[in-house]
Amino acid sequence: MEPITIIGAGLAGCEAAWQIAKRGGKVILYEMKPEVYSPAHRFPFFAELVCSNSFKSESIENASGVLKEEMRQLESLILKVAKETKVPAGDSLAVDREAFSKQITQILESLENVEVIRKEVSSIPQDGIAIIATGPLTSDILSKEIQKVTGSRHLFFYDAISPIVTADSIHFEKAFKSSRYGKGGEDYINCPMDEEEYAQFVEALNQAERMPVQTFEKRFLFEGCLPIEEMAERGKETLAYGPLKPVGLIDPKTGKQPFAVVQLRQEDRFETLFNLVGFQTRLKHNEQKRVFRMIPGLEKAEFVRLGSIHRNTFIDSPRLLGESLQLKPHPKLFFAGQITGVEGYMESTAMGLLSGINAHRYANGIPTLVPPPTTAMGALVHYLTHSLTVPFQPMNINFGLFPPLSGKGKGRGKRLLLAKRALREMEEWKKRSEE
Numbered sequence: 098m099e100p101i102t103i104i105g106a107g108l109a110g111c112e113a114a115w116q117i118a119k120r121g122g123k124v125i126l127y128e129m130k131p132e133v134y135s136p137a138h139r140f141p142f143f144a145e146l147v148c149s150n151s152f153k154s155e156s157i158e159n160a161s162g163v164l165k166e167e168m169r170q171l172e173s174l175i176l177k178v179a180k181e182t183k184v185p186a187g188d189s190l191a192v193d194r195e196a197f198s199k200q201i202t203q204i205l206e207s208l209e210n211v212e213v214i215r216k217e218v219s220s221i222p223q224d225g226i227a228i229i230a231t232g233p234l235t236s237d238i239l240s241k242e243i244q245k246v247t248g249s250r251h252l253f254f255y256d257a258i259s260p261i262v263t264a265d266s267i268h269f270e271k272a273f274k275s276s277r278y279g280k281g282g283e284d285y286i287n288c289p290m291d292e293e294e295y296a297q298f299v300e301a302l303n304q305a306e307r308m309p310v311q312t313f314e315k316r317f318l319f320e321g322c323l324p325i326e327e328m329a330e331r332g333k334e335t336l337a338y339g340p341l342k343p344v345g346l347i348d349p350k351t352g353k354q355p356f357a358v359v360q361l362r363q364e365d366r367f368e369t370l371f372n373l374v375g376f377q378t379r380l381k382h383n384e385q386k387r388v389f390r391m392i393p394g395l396e397k398a399e400f401v402r403l404g405s406i407h408r409n410t411f412i413d414s415p416r417l418l419g420e421s422l423q424l425k426p427h428p429k430l431f432f433a434g435q436i437t438g439v440e441g442y443m444e445s446t447a448m449g450l451l452s453g454i455n456a457h458r459y460a461n462g463i464p465t466l467v468p469p470p471t472t473a474m475g476a477l478v479h480y481l482t483h484s485l486t487v488p489f490q491p492m493n494i495n496f497g498l499f500p501p502l503s504g505k506g507k508g509r510g511k512r513l514l515l516a517k518r519a520l521r522e523m524e525e526w527k528k529r530s531e532e
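In our numbering, each residue carries its 1-based index in the sequence shown increased by 97.
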């Protein structure tokens, strides 16, 4: 078997290399450090953690914990080393970031069937199978190469993410379903505001704490999709004439047009998740929850994703990737990690794990396999390849991505049932993948 080329030794690239190598495959792993550093990286080691040192909860009552348990079943290197280098963090898995990265580097460099080449890759291999795992800060030179194979319309350089809430946490005594002017049926959930509620909301937006802008996040990135708090700063009525405009909407409880309306749009085919339209934001996470729960109908909203705007290179996966994470027009080319449109360390690692398994299978003439959408990994892949959101935006793992259970269970009991189903089906999928 010819070696599989992996570009990028971040979390996803390292996990892909491990999954291929432990199956007996050969890997050529390219890492541009220490020859070239991105603006966010400081150390020469693989799998460097740029932001937090936390991999989130290990409890299977949390979707992040379910994902970790699935990865443990599939013998993830990243998860194994994370547990070996963990530091106290309650029920979260946090690591000594330098020890973690050093150990990953030492393990992969010690493998006979992994060849490490430390140089910047300036072109995508034309022959053989390759996995692109270059992360959110993909170099300019390689970004241009990716644009050539994907098309310039299908590569994004920043994300503008609106918060997402669960449908069953919306209070429909206040919210109502309707489209503007009655066109399109009940496609949107609408949260009406009177003038006083609107004024208080705008004031809270103006006073809320914001995330700092990183030095490598150029200001011009945000002009095409302005944060809602910056729109609020431009004048008291800016939002009422922008994303909160009420025209064409009648509140059935009053029979009148509200002063302002926050609209929520369906995010998934199961109608379990809804995003706040036009609410891309740089507010701190706790501030988002506080301020956005001032919206009538969202007082007890459960947020499965919070808003953000930051530098992030990712492809238009629903248009470009098959469920095996292969590029549709070029099946020898796989993508892995955050560049696919997942958010989070474990999510990126999981996509590296699956791309490694499938690249190895493809190289050996074996049909590729994808976990069912009832699993955490399968749910992420399904989102990446079937997302209804246009333009496509990144997503972290959450229970709202899972197909719903029959019945109307809520809270902890519902989460545990989803978790047990996911782990049971992942165990069955693992057996099939080893046949």
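Ideal Cβ positions, reconstructed from N, Cα and C, are used throughout, including at glycine.
Source: prediction; values computed, not measured.
Residue i (DSSP reduced to helix, strand or coil)
i, result
"residue 527", "helix"
"residue 211", "strand"
"residue 363", "strand"
"residue 423", "strand"
"residue 138", "coil"
"residue 199", "helix"
"residue 370", "strand"
"residue 428", "strand"
"residue 516", "helix"
"residue 163", "helix"
"residue 317", "Residue placement at residue 317 cannot be trusted, given a pLDDT of 39 that sits under 50; what the coordinates show is reported in the next sentence. Reduced to three states, the DSSP call for residue 317 is helix."
"residue 400", "strand"
"residue 328", "helix"
"residue 221", "coil"
"residue 120", "coil"
"residue 144", "coil"
"residue 413", "coil"
Exposed unless 16 or more other CB atoms sit within 10 angstroms - verdict on residue i
i, result
"residue 345", "exposed"
"residue 333", "exposed"
"residue 154", "buried"
"residue 483", "exposed"
"residue 340", "buried"
"residue 269", "exposed"
"residue 133", "exposed"
"residue 53", "This structure cannot settle anything about residue 53, because the visible part of the chain is limited to 98 through 532."
"residue 220", "exposed"
"residue 365", "buried"
"residue 502", "exposed"
"residue 290", "buried"
"residue 529", "exposed"
"residue 315", "Its pLDDT being 49, under 50, residue 315 is placed unreliably in this model, and the coordinates cannot settle the point."
"residue 207", "exposed"
"residue 338", "exposed"
"residue 351", "exposed"
Residue i versus residue j: straight-line alpha-carbon distance, rounded
i, j, result
"residue 561", "residue 413", "Only positions 98 to 532 of the chain appear in this structure, which leaves residue 561 out of reach."
"residue 515", "residue 172", "22 Å"
"residue 531", "residue 467", "13 Å"
"residue 452", "residue 105", "13 Å"
"residue 321", "residue 245", "Any reading at residue 321 must be qualified, since the residue scores a pLDDT of 47, below 50, and its modelled position is unreliable; no value is offered."
"residue 420", "residue 431", "11 Å"
"residue 217", "residue 438", "23 Å"
"residue 210", "residue 397", "53 Å"
"residue 309", "residue 403", "16 Å"
"residue 234", "residue 181", "28 Å"
"residue 131", "residue 462", "36 Å"
"residue 120", "residue 168", "16 Å"
"residue 499", "residue 367", "9 Å"
"residue 214", "residue 205", "12 Å"
"residue 448", "residue 348", "43 Å"
"residue 190", "residue 158", "14 Å"
"residue 417", "residue 428", "11 Å"
Bridge-paired residues (DSSP) for residue i
i, result
"residue 273", "287"
"residue 408", "255"
"residue 126", "103 and 213"
"residue 492", "439"
"residue 191", "151 and 184"
"residue 229", "104 and 432"
"residue 573", "Absent from the model: residue 573. The displayed extent of the chain is 98 to 532, so no value can be given."
"residue 418", "424"
"residue 380", "307"
"residue 263", "370"
"residue 538", "Not covered by the structure: residue 538. The range shown for the chain is 98 to 532."
Three or more C-beta pairs under 8 Å: does that hold for the region 343-363 against the region 291-303? yes
Could you say if the region 244-255 and the region 119-131 meet the contact criterion of at least three C-beta pairs nearer than 8 Å? no
Do three or more CB pairs link the region 208-226 to the region 390-404 at distances below 8 Å? no
Determine, using beta-carbon pairs with one atom in the region 485-498 and one in the region 170-188, whether at least three such pairs fall under 8 Å. no
Taking 8 Å as the threshold, find out whether the region 105-124 comes into contact with the region 455-462 through three or more Cβ pairs. yes
Do three or more CB pairs link the region 439-446 to the region 163-170 at distances below 8 Å? yes
Closer than 8 Å is the cut-off here; do at least three beta carbon pairs connect the region 472-479 with the region 518-527? yes
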